[in-house]
């Protein structure tokens, strides 16, 4: 899947995991409404911190910490956006069918992504929307436009939504969200949007696997859940002499390194597969 990382349109990430009651939507146009801050713990850049760490963990440990934090720059840049798209995958009894054109809010995603995964409450049909910007194998992208952020109370539910939190959007707020989608569709001017190529579309893939090398004799096999800072700097470097980690589950594709970190199999599912 292609996504925008530090203003570069790259094809290095896996798709977001889709739960059975979610929709996978191909994005045809996306407008960033608000950048989300304070989502993650972000260390300040400090030479003093590095100096203090040298005496505690040594130069190799410091290098691992710095490399891990630098990689998190991609993860930390998240937005809530308004977009147009086409349903690629849907729940069995969902309101929207395969191939249907929709408008949506996408909270907690990169500035631009080829596909997003969303719950039904953040999607609306296009019955009342005449224009559908972005056609064929092109994706229109409008950079940050804070003045478009709605002032209604339901906006706080949208901008803070995360399916892993367990929080449910109330029905009353869902109606407000649907109305808000229709209003934004009328307000946004796509004239100055940047056009990004998705020709050809990348294949949908929640799992990346390469031929699994034979585990060294005597090592136990393991699966790691969560490729965060602690996993990169403390767990993986210290278990490799006795444990063979052949799979990593990481729900945020922006956390997965482009070289796959030497791990044979990556999966964006939050729980084990069958």
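In the numbering used here, the protein residues as written are 4 to 277. Idealized CB from N, CA, C, for every residue including glycine.
Pick out whichever of the options has its Cα sitting closest to the Cα of residue i.
i, options, result
"residue 109", "13, 30 and 185", "30"
"residue 263", "230, 118 and 191", "230"
"residue 5", "115, 145 and 129", "115"
"residue 125", "147, 84 and 142", "84"
"residue 205", "17, 265 and 224", "17"
"residue 157", "176, 165 and 11", "176"
"residue 235", "273, 70 and 92", "70"
"residue 24", "54, 162, 92 and 53", "92"
"residue 32", "269, 225 and 117", "117"
"residue 257", "52, 220, 123 and 75", "75"
"residue 222", "171, 210, 113 and 245", "245"
"residue 111", "43, 47 and 172", "43"
"residue 129", "119, 149, 100 and 113", "100"
"residue 7", "80, 195 and 48", "80"
"residue 275", "266, 228 and 239", "228"
Could you give the first and the last residue of the continuous beta strand (DSSP E) run that contains residue i?
i, result
"residue 247", "246-252"
"residue 226", "223-228"
Taking the continuous alpha helix (DSSP H) assigned at residue i, which residues delimit it?
i, result
"residue 70", "50-79"
"residue 174", "174-190"
"residue 5", "Neither: residue 5 is in no alpha helix (DSSP H) and is coded neither H nor E."
"residue 269", "Premise fails: residue 269 lies in the beta strand (DSSP E), 268-270, not in any alpha helix (DSSP H)."
"residue 241", "239-242"
"residue 159", "157-162"
Quick one: Cα of residue i to Cα of residue j, how far?
i, j, result
"residue 191", "residue 37", "14 Å"
"residue 144", "residue 64", "40 Å"
"residue 22", "residue 95", "12 Å"
"residue 243", "residue 67", "15 Å"
"residue 97", "residue 50", "53 Å"
"residue 233", "residue 55", "18 Å"
"residue 105", "residue 73", "36 Å"
"residue 260", "residue 165", "23 Å"
"residue 142", "residue 226", "36 Å"
"residue 209", "residue 188", "30 Å"
"residue 59", "residue 123", "49 Å"
"residue 171", "residue 62", "46 Å"
"residue 140", "residue 241", "45 Å"
Ignore the nearest five residues each way along the sequence and tell me which others in residue i's own chain have a CB closer than 7 Å to its CB.
i, result
"residue 121", "25, 26, 28, 107 and 109"
"residue 147", "35 and 38"
"residue 90", "26, 28, 99, 100, 101, 102, 103 and 105"
Can you give me the Cβ contacts of residue i inside the same chain, cut-off strictly under 8 Å, excluding the 5 residues immediately before and after it?
i, result
"residue 218", "224, 247 and 249"
Can you find the residues in the same chain that come closer than 6 Å, C-beta to C-beta, to residue i, ignoring five residues on each side of it along the sequence?
i, result
"residue 270", "210 and 252"
Cβ contact (3+ pairs, closer than 8 Å) linking the stretch 145-163 and the stretch 198-218: Contact between the stretch 145-163 and the stretch 198-218 is absent: fewer than three C-beta pairs spanning the two stretches fall below 8 Å.
Given 8 Å, three or more beta-carbon pairs between the stretch 174-187 and the stretch 246-265: Output reads no: the stretch 246-265 does not touch the stretch 174-187.
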